[in-house]
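J.:
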Amino acid sequence: MAATKAEFGSGKLFKAAGTVYGVMVGSGLLVLTNVLVLAMPLLGPLAPIPLVLVGPAVVAACYAFNRLMAGEDTGVSRDFRTSYRLNFWQALAVWLPYLALLAVIAANLMSLPGSNPETVAARVGLLGLAVLVSTAAVHALLLLSRFAFRTVDIYRLSLYTLGSWKRVSLGNAGIVFIAGFLLTTTSVWLVPFISGAVVYLICLNSRPLLKRVEEKFTLPA
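Reminder that position 165 of the sequence shown reads as 1246 in my numbering, one-by-one numbering, no gaps.
1. Please check the pair Lys-1142 and Leu-1111, which I expect to be a contact at CB under 8 Å, by giving their CB distance rounded to whole angstroms.
2. So, Ser-1108 versus Ala-1278, is the Cβ gap smaller than 8 Å?
3. For Met-1082, which residues in the same chain have their Cβ closer than 7 Å to its Cβ, ignoring the five residues on either side in sequence?
4. Tyr-1102: buried (16+ other C-beta within 10 angstroms of its C-beta) or exposed?
5. Counting Cβ pairs, one atom from each stretch, are 3 or more of them under 8 Å apart for the region 1248-1268 and the region 1129-1141?
6. If you draw a straight line from the alpha carbon of Pro-1289 to that of Asn-1168, how long is it in whole angstroms?
7. Do the CB positions of Ser-1226 and Ser-1158 come within less than 8 Å of each other?
8. Rounding to the nearest angstrom, what Cα-Cα distance links Leu-1113 and Val-1212 in this structure?
9. Could you tell me how far apart the beta carbons of Pro-1137 and Ala-1172 are, in whole angstroms, since I believe they sit closer than 8 Å?
10. Touch check for the region 1199-1215 and the region 1256-1264: three-plus C-beta pairs under 8 Å?
11. Note down, in chain order, each residue of its chain lying with its Cβ closer than 7 Å to the Cβ of Leu-1117, except the 5 sequence neighbours on either side.
12. So, at 8 Å on beta carbons, what are the nonlocal neighbours of Thr-1200 in its own chain, with the 5 sequence-adjacent residues on each side left out?
13. Can you list the alpha helix (DSSP H) stretches of 4 or more residues lying completely in the region 1231-1273, in chain order?
14. For Thr-1299, I'd like the list of residues in its chain whose CB is within less than 8 Å of its CB, leaving aside the five on either flank, ordered along the chain.
15. When the Cα atoms are used, what is the spatial distance from Leu-1223 to Pro-1126?
16. Pick out whichever of Ile-1283, Leu-1183, Tyr-1236 has its Cα sitting closest to the Cα of Ser-1051.
17. Among residues of its own chain, excluding the 5 on either side of Val-1104, which ones have a beta-carbon nearer than 7 Å to its beta-carbon?
18. Given that a residue counts as buried once 16 or more other Cβ atoms are within 10 Å of its Cβ, and exposed if not, what is Asn-1147?
19. Classify Ser-1287: buried if its beta carbon has 16 or more other beta carbons within 10 angstroms, exposed otherwise.
20. If you drop the 5 nearest sequence neighbours on each side, which residues of the same chain put their C-beta closer than 7 Å to that of Lys-1093?
21. Expressed to the nearest angstrom, what Euclidean distance is found between the alpha-carbon atoms of Ala-1151 and Leu-1263?
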């Protein structure tokens, strides 16, 4: 029997190039929908305001990247726009409480005086809390990008998954911490170059979590 001829576009290199291109497109869309984030250093006390639209954009990027990884995409740009339009208001409702908590933590961090041992310990504790809240927010946005749960159930599951799938949670926390460290030690201008890659890595790391949530909390189609 003659060997089956490989179809054009089925090779690993082609798929890898398609993934890189998809991540670049997603990164561009993330920056485009959050362009005011680049102006944060100029806004002073109003710096958190541009972050309001980060939630819907991350949900849209997660939706597009998860479809890309599953080979079900209709184009990252189209999938991003579809999710952004459909999930915008619920994404805001899910994201804003987490953003408010992070703003309070940031304000407390900046108000801590001196560098005595007690202050250092407080800063470490607040940073740990910020990473924990950020990871819970990431889980909430991931869940919203995949499932049509109620907002209150998204909150519950975002906290439940933190402890139930520790390996995924630690991986996402590490990604969030490294991204935050790079941004705080370099410049907000790094955002256009790393945003898509950060969200893609979170989606890749979270595939087992989404699969388990689907098996445990949804009914078969």
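The C-beta atom is built at its ideal place from N, Cα and C for all residues, glycine as well. Predicted, not measured: the structure shown is a model, and the values here were computed from it.
T.: Taking the geometry as given:
1. Reading the sequence shown from its first residue, position 61 is the one you call residue 1142. Reading the sequence shown from its first residue, position 30 is the one you call residue 1111. A small correction: the amino acid at residue 1142 is Ala; Lys does not occupy that position in the sequence shown. Rounded, the Cβ-Cβ distance is 6 Å, consistent with contact.
2. Locating residue 1108 in the sequence shown gives position 27, counting from the first residue. Locating residue 1278 in the sequence shown gives position 197, counting from the first residue. Yes. Within cutoff.
3. Within the sequence shown, numbered from 1, the residue matching residue 1082 stands at position 1. Unreliable positioning characterises Met-1082 in this predicted model, as indicated by a pLDDT of 43, which lies under 50. The coordinate reading is nonetheless provided below. The beta carbon of Met-1082 sits closer than 7 Å to no other beta carbon from its chain once the five residues preceding and following it are set aside.
4. The count along the sequence shown starts at 1 and reaches residue 1102 at position 21. It is exposed - the Cβ of Tyr-1102 has fewer than 16 other Cβ atoms within 10 Å.
5. Between the region 1248-1268 and the region 1129-1141, the count of Cβ pairs shorter than 8 Å is below three; the stretches do not touch.
6. Here the question's residue 1289 lines up with position 208 in the sequence shown. Here the question's residue 1168 lines up with position 87 in the sequence shown. Taking the straight line from one Cα to the other gives about 23 Å.
7. Working through the sequence shown from its first residue, we reach residue 1226 at position 145. Working through the sequence shown from its first residue, we reach residue 1158 at position 77. Cβ distance not < 8 Å, so Ser-1226 and Ser-1158 don't count as in contact.
8. Taking the first residue of the sequence shown as position 1, residue 1113 is located at position 32. Taking the first residue of the sequence shown as position 1, residue 1212 is located at position 131. Straight-line Cα distance between these residues: approximately 25 Å.
9. For the purposes of this step, residue 1137 is taken as the residue at position 56 of the sequence shown. For the purposes of this step, residue 1172 is taken as the residue at position 91 of the sequence shown. Indeed, because the Cβ distance is near 4 Å, the residues count as touching under 8 Å.
10. At 8 Å Cβ cutoff, the stretches touch.
11. Locating residue 1117 in the sequence shown gives position 36, where the first residue counts as 1. Closer than 7 Å at Cβ, skipping near neighbours: Pro-1131.
12. Locating residue 1200 in the sequence shown gives position 119, where the first residue counts as 1. Contacts found: Leu-1193, Pro-1194.
13. 1232-1245, 1247-1266, all fully within the region 1231-1273.
14. In the sequence shown, residue 1299 corresponds to position 218, counting from 1. Excluding five sequence positions before and after Thr-1299, the CB atoms of its chain that fall closer than 8 Å to its own CB belong to Phe-1228, given in chain order.
15. Within the sequence shown, the letter at position 142 stands for residue 1223. Within the sequence shown, the letter at position 45 stands for residue 1126. A direct Cα-Cα distance of roughly 29 Å separates Leu-1223 from Pro-1126.
16. Because the chain here runs from 1082 to 1302, residue 1051 falls outside it and cannot be looked at.
17. Translated into positions along the sequence shown, residue 1104 becomes position 23. A distance below 7 Å between beta-carbons, with the five flanking residues on each side excluded, links Val-1104 to the following residues of its chain, in chain order: Gly-1277, Ala-1278, Tyr-1281.
18. Here residue 1147 refers to the residue found at position 66 when the sequence shown is read from its first residue. With 16 or more Cβ atoms within 10 Å of its Cβ, Asn-1147 is classed as buried.
19. Here residue 1287 refers to the residue found at position 206 of the sequence shown. It counts as buried.
20. Along the sequence shown, read from residue 1 onward, the residue named residue 1093 stands at position 12. Around Lys-1093, the same chain offers no residue with a beta carbon nearer than 7 Å, after the five sequence neighbours per side are excluded.
21. Taking the sequence shown and counting its residues from 1, one reaches residue 1151 at position 70. Taking the sequence shown and counting its residues from 1, one reaches residue 1263 at position 182. Their backbone Cα atoms lie some 30 Å apart in a straight line.
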